[in-house]
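The opening residue of the sequence shown carries number 393 in our numbering; numbering runs sequentially from there.
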Amino acid sequence: IGLRVVCAGGEEGRLLLSRRGALETRHATVHYGEGPITLIRWRGPLVAWANSKGVKVVDVQTCQKVAHIQRPSDVDSAEHCRASWFADDVLVIGWGREVAMAEIRQKTGGPAGIRFASVSRRFRLEDRVVRGIAHYDYNHLSLLTAERSGPNVNFGVYSWSGDSVTSWSDFPKTASKSCQAGARSCLASGGEDGLLCVVVGGCLTMVEPRTVASHVVSW
393 IGLRVVCAGG
403 EEGRLLLSRR
413 GALETRHATV
423 HYGEGPITLI
433 RWRGPLVAWA
443 NSKGVKVVDV
453 QTCQKVAHIQ
463 RPSDVDSAEH
473 CRASWFADDV
483 LVIGWGREVA
493 MAEIRQKTGG
503 PAGIRFASVS
513 RRFRLEDRVV
523 RGIAHYDYNH
533 LSLLTAERSG
543 PNVNFGVYSW
553 SGDSVTSWSD
563 FPKTASKSCQ
573 AGARSCLASG
583 GEDGLLCVVV
593 GGCLTMVEPR
603 TVASHVVSW
(Lines of atoms letter the chains of each structure in order from A and count residues from 1; the text may use other names and numbers.)
(Lines give C-alpha, C1' and ligand atoms only; values in the text may rest on other atoms or scores of the structure.)
Protein backbone atom coordinates (compact mmCIF):
# COMPACT_ATOMS: atom_id res chain seq x y z
CA ILE A 1 0.00 0.00 0.00
CA GLY A 2 2.99 2.26 -0.39
CA LEU A 3 6.53 2.68 0.86
CA ARG A 4 5.78 5.60 3.18
CA VAL A 5 3.47 3.77 5.55
CA VAL A 6 4.41 2.59 9.05
CA CYS A 7 2.34 0.52 11.47
CA ALA A 8 3.28 0.62 15.16
CA GLY A 9 1.90 -0.45 18.52
CA GLY A 10 3.05 -0.80 22.10
CA GLU A 11 2.21 -0.88 25.79
CA GLU A 12 -0.59 1.66 25.59
CA GLY A 13 -2.58 -0.75 23.41
CA ARG A 14 -2.93 1.54 20.40
CA LEU A 15 -2.24 0.27 16.86
CA LEU A 16 -1.26 3.31 14.81
CA LEU A 17 -0.98 3.60 11.03
CA SER A 18 1.15 6.52 9.83
CA ARG A 19 1.20 7.68 6.19
CA ARG A 20 3.81 10.17 5.04
CA GLY A 21 2.59 12.56 2.36
CA ALA A 22 4.29 15.30 0.38
CA LEU A 23 3.43 17.99 2.95
CA GLU A 24 2.42 16.17 6.11
CA THR A 25 2.23 12.84 7.93
CA ARG A 26 -1.22 11.51 8.78
CA HIS A 27 -1.84 9.18 11.69
CA ALA A 28 -4.86 6.86 12.03
CA THR A 29 -5.74 4.64 14.99
CA VAL A 30 -6.58 1.17 13.70
CA HIS A 31 -7.33 -0.35 17.11
CA TYR A 32 -7.25 0.69 20.76
CA GLY A 33 -8.12 -0.52 24.23
CA GLU A 34 -7.36 -4.24 24.66
CA GLY A 35 -4.01 -4.18 26.37
CA PRO A 36 -0.40 -3.96 25.16
CA ILE A 37 0.34 -4.93 21.55
CA THR A 38 3.12 -7.51 21.63
CA LEU A 39 3.45 -8.41 17.94
CA ILE A 40 2.73 -6.92 14.49
CA ARG A 41 3.00 -8.79 11.18
CA TRP A 42 2.24 -7.04 7.89
CA ARG A 43 1.82 -8.53 4.40
CA GLY A 44 0.21 -6.69 1.50
CA PRO A 45 -2.85 -4.85 2.79
CA LEU A 46 -3.26 -7.22 5.76
CA VAL A 47 -1.93 -6.32 9.20
CA ALA A 48 -2.03 -8.88 12.01
CA TRP A 49 -1.30 -8.01 15.63
CA ALA A 50 -1.50 -9.71 19.01
CA ASN A 51 -2.66 -8.47 22.39
CA SER A 52 -3.95 -10.10 25.57
CA LYS A 53 -7.21 -11.10 23.86
CA GLY A 54 -5.74 -12.85 20.82
CA VAL A 55 -4.66 -12.18 17.24
CA LYS A 56 -6.56 -9.74 15.03
CA VAL A 57 -6.25 -9.15 11.28
CA VAL A 58 -7.42 -6.04 9.44
CA ASP A 59 -7.26 -4.88 5.82
CA VAL A 60 -5.75 -1.40 6.10
CA GLN A 61 -6.79 -0.48 2.55
CA THR A 62 -10.50 -1.10 3.10
CA CYS A 63 -10.50 -0.84 6.94
CA GLN A 64 -12.25 -4.22 7.00
CA LYS A 65 -11.91 -6.39 10.11
CA VAL A 66 -10.87 -9.79 8.75
CA ALA A 67 -10.28 -11.98 11.80
CA HIS A 68 -10.07 -12.37 15.55
CA ILE A 69 -8.36 -15.55 16.74
CA GLN A 70 -8.61 -16.02 20.49
CA ARG A 71 -5.62 -16.66 22.71
CA PRO A 72 -5.47 -20.33 23.84
CA SER A 73 -7.16 -20.70 27.22
CA ASP A 74 -4.17 -22.39 28.88
CA VAL A 75 -1.63 -19.71 27.88
CA ASP A 76 -0.26 -17.54 30.66
CA SER A 77 -0.74 -13.79 30.15
CA ALA A 78 3.05 -13.31 30.24
CA GLU A 79 3.54 -15.66 27.27
CA HIS A 80 3.86 -13.70 24.03
CA CYS A 81 2.44 -14.73 20.68
CA ARG A 82 4.64 -15.61 17.71
CA ALA A 83 3.36 -15.38 14.13
CA SER A 84 4.51 -15.34 10.53
CA TRP A 85 2.87 -14.83 7.15
CA PHE A 86 3.60 -17.98 5.11
CA ALA A 87 1.76 -16.54 2.07
CA ASP A 88 -0.44 -13.57 1.20
CA ASP A 89 -3.43 -15.44 2.63
CA VAL A 90 -1.83 -17.74 5.23
CA LEU A 91 -0.91 -16.63 8.76
CA VAL A 92 0.70 -19.17 11.11
CA ILE A 93 0.48 -18.50 14.85
CA GLY A 94 2.43 -20.02 17.72
CA TRP A 95 1.27 -19.27 21.25
CA GLY A 96 2.37 -21.31 24.24
CA ARG A 97 2.22 -24.96 23.18
CA GLU A 98 -0.27 -24.38 20.36
CA VAL A 99 0.48 -23.86 16.66
CA ALA A 100 -2.32 -22.90 14.25
CA MET A 101 -2.66 -21.97 10.58
CA ALA A 102 -5.26 -19.32 9.70
CA GLU A 103 -6.26 -19.01 6.04
CA ILE A 104 -7.77 -15.80 4.68
CA ARG A 105 -10.72 -16.53 2.38
CA GLN A 106 -13.16 -14.58 0.23
CA LYS A 107 -16.74 -14.70 1.45
CA THR A 108 -19.22 -15.98 -1.13
CA GLY A 109 -22.86 -15.01 -1.43
CA GLY A 110 -22.45 -11.50 -0.06
CA PRO A 111 -20.88 -8.14 -0.90
CA ALA A 112 -17.78 -8.37 -3.09
CA GLY A 113 -14.38 -8.15 -1.42
CA ILE A 114 -15.45 -9.36 2.04
CA ARG A 115 -12.82 -11.60 3.60
CA PHE A 116 -12.63 -13.74 6.71
CA ALA A 117 -10.16 -16.13 8.34
CA SER A 118 -10.59 -19.73 9.42
CA VAL A 119 -8.16 -22.02 11.25
CA SER A 120 -7.44 -24.91 8.88
CA ARG A 121 -4.60 -26.70 10.72
CA ARG A 122 -3.65 -26.96 14.37
CA PHE A 123 -1.43 -29.02 16.68
CA ARG A 124 0.00 -28.83 20.19
CA LEU A 125 3.51 -29.49 21.45
CA GLU A 126 3.90 -31.98 24.27
CA ASP A 127 6.18 -30.22 26.75
CA ARG A 128 7.62 -27.20 24.94
CA VAL A 129 6.49 -23.66 24.11
CA VAL A 130 6.97 -21.74 20.87
CA ARG A 131 9.68 -19.07 20.82
CA GLY A 132 9.81 -18.52 17.04
CA ILE A 133 8.06 -19.64 13.87
CA ALA A 134 8.98 -19.57 10.16
CA HIS A 135 8.05 -21.16 6.85
CA TYR A 136 9.90 -24.31 5.72
CA ASP A 137 7.88 -25.89 2.90
CA TYR A 138 4.24 -26.72 2.07
CA ASN A 139 3.98 -29.64 4.50
CA HIS A 140 6.41 -28.48 7.19
CA LEU A 141 7.24 -25.47 9.34
CA SER A 142 10.26 -24.41 11.38
CA LEU A 143 9.90 -23.79 15.10
CA LEU A 144 12.16 -22.41 17.78
CA THR A 145 10.95 -23.93 21.05
CA ALA A 146 11.95 -23.95 24.71
CA GLU A 147 11.24 -26.04 27.78
CA ARG A 148 8.35 -24.69 29.81
CA SER A 149 10.46 -24.50 32.99
CA GLY A 150 14.05 -24.64 31.76
CA PRO A 151 16.67 -22.94 29.61
CA ASN A 152 16.87 -25.59 26.87
CA VAL A 153 16.20 -24.00 23.45
CA ASN A 154 15.67 -26.13 20.37
CA PHE A 155 15.32 -25.47 16.62
CA GLY A 156 13.26 -28.03 14.73
CA VAL A 157 11.27 -28.82 11.61
CA TYR A 158 7.76 -30.11 12.25
CA SER A 159 5.02 -31.66 10.16
CA TRP A 160 1.49 -30.34 10.47
CA SER A 161 0.59 -33.44 12.47
CA GLY A 162 2.93 -32.16 15.18
CA ASP A 163 5.73 -34.67 14.55
CA SER A 164 9.32 -33.46 14.82
CA VAL A 165 11.18 -34.26 11.59
CA THR A 166 14.58 -32.95 12.68
CA SER A 167 15.93 -30.85 15.53
CA TRP A 168 19.07 -29.03 16.62
CA SER A 169 19.95 -27.56 20.00
CA ASP A 170 23.70 -26.92 19.84
CA PHE A 171 23.43 -23.33 21.09
CA PRO A 172 25.93 -21.80 23.54
CA LYS A 173 24.82 -22.48 27.14
CA THR A 174 24.92 -18.78 28.03
CA ALA A 175 22.65 -17.98 25.09
CA SER A 176 20.16 -20.71 25.99
CA LYS A 177 19.93 -19.59 29.62
CA SER A 178 19.12 -16.03 28.58
CA CYS A 179 16.04 -17.34 26.75
CA GLN A 180 14.48 -19.07 29.74
CA ALA A 181 11.90 -16.28 30.04
CA GLY A 182 11.34 -16.10 26.30
CA ALA A 183 13.42 -12.98 25.74
CA ARG A 184 16.10 -12.40 23.12
CA SER A 185 15.13 -15.30 20.91
CA CYS A 186 13.53 -15.31 17.48
CA LEU A 187 13.29 -17.17 14.19
CA ALA A 188 12.82 -15.55 10.81
CA SER A 189 12.98 -16.40 7.13
CA GLY A 190 16.01 -15.02 5.32
CA GLY A 191 14.27 -14.62 1.94
CA GLU A 192 13.46 -16.60 -1.19
CA ASP A 193 16.60 -18.75 -0.93
CA GLY A 194 15.08 -20.49 2.09
CA LEU A 195 17.71 -19.43 4.62
CA LEU A 196 16.48 -19.17 8.22
CA CYS A 197 17.87 -16.80 10.83
CA VAL A 198 17.89 -18.19 14.38
CA VAL A 199 18.70 -15.78 17.21
CA VAL A 200 19.22 -17.21 20.70
CA GLY A 201 20.62 -14.80 23.24
CA GLY A 202 23.64 -13.19 21.59
CA CYS A 203 24.07 -16.03 19.08
CA LEU A 204 22.97 -15.65 15.43
CA THR A 205 22.80 -18.89 13.41
CA MET A 206 21.95 -19.22 9.72
CA VAL A 207 20.16 -22.44 8.81
CA GLU A 208 20.00 -23.68 5.22
CA PRO A 209 17.18 -26.14 4.46
CA ARG A 210 18.44 -29.12 2.45
CA THR A 211 16.93 -32.17 0.81
CA VAL A 212 18.37 -35.68 0.89
CA ALA A 213 19.31 -35.28 -2.78
CA SER A 214 21.29 -32.07 -2.19
CA HIS A 215 23.06 -33.67 0.77
CA VAL A 216 24.18 -36.64 -1.35
CA VAL A 217 25.40 -34.34 -4.15
CA SER A 218 27.49 -32.31 -1.69
CA TRP A 219 29.33 -35.47 -0.67
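From the three backbone atoms N, C-alpha and C, an ideal C-beta is built for every residue, glycine too.
Minimum Cβ-Cβ distance from residue i to chain C less than 9 angstroms
i, result
"PHE515", "In the structure shown, chain C cannot be found, because there is only a single protein chain."
Spatial distance of residue i from residue j (CA atoms)
i, j, result
"GLY593", "PRO503", "48 angstroms"
"ARG516", "ARG489", "5 angstroms"
"SER556", "GLN462", "26 angstroms"
"TYR550", "ASN531", "9 angstroms"
"VAL484", "LEU579", "13 angstroms"
"GLY505", "VAL545", "42 angstroms"
"TYR424", "THR537", "31 angstroms"
"LYS445", "GLU471", "12 angstroms"
9 angstroms Cβ cutoff met for residue i and residue j
i, j, result
"ASP519", "ILE496", "no"
"ALA475", "ILE525", "yes"
"ARG374", "VAL439", "Within the shown structure, residues of the chain are numbered from 393 to 611, placing residue 374 beyond reach of any answer."
"SER581", "VAL591", "no"
"CYS399", "LEU431", "no"
"LEU407", "TRP441", "yes"
Nonlocal neighbours in the same chain, by C-beta distance under 6 angstroms from residue i, ignoring five residues either side
i, result
"GLY586", "PRO601"
"GLY554", "PHE515"
Residues near residue i in its chain [Cβ-Cβ closer than 8 angstroms; skip 5 each side]
i, result
"SER510", "ALA494, GLU495 and ARG497"
"THR417", "SER410 and ARG411"
"PRO437", "ILE393, ASP451, VAL452, GLN453 and THR454"
Rounded Cβ spacing between residue i and residue j (contact assumed at less than 8 angstroms)
i, j, result
"VAL422", "VAL449", "With 8 angstroms as the limit, VAL422 and VAL449 do not qualify as a contact, their Cβ atoms being about 11 angstroms apart."
"TRP487", "VAL522", "7 angstroms"
"SER512", "LEU588", "Not a contact, Cβ separation roughly 23 angstroms."
"HIS419", "PHE478", "Contact doesn't hold; Cβ gap of about 30 angstroms is too wide."
Exposure label - residue i; buried when at least 16 CB within 10 Å
i, result
"ASP468", "exposed"
"LEU596", "exposed"
"VAL397", "exposed"
"TRP560", "exposed"
"ARG540", "exposed"
"GLY401", "buried"
Residue i beta carbon near the ligand NAP (any heavy atom closer than 8 angstroms)
i, result
"ASN443", "Absence of the ligand NAP from the depicted structure is noted, as is the absence of any ligand whatsoever, leaving it without description."
Close Cβ partners of residue i (< 7 angstroms) along its chain, the five nearest in sequence each way excluded
i, result
"GLY405", "TYR424, GLY425, GLU426, GLY427, PRO428, ILE429 and ASN443"
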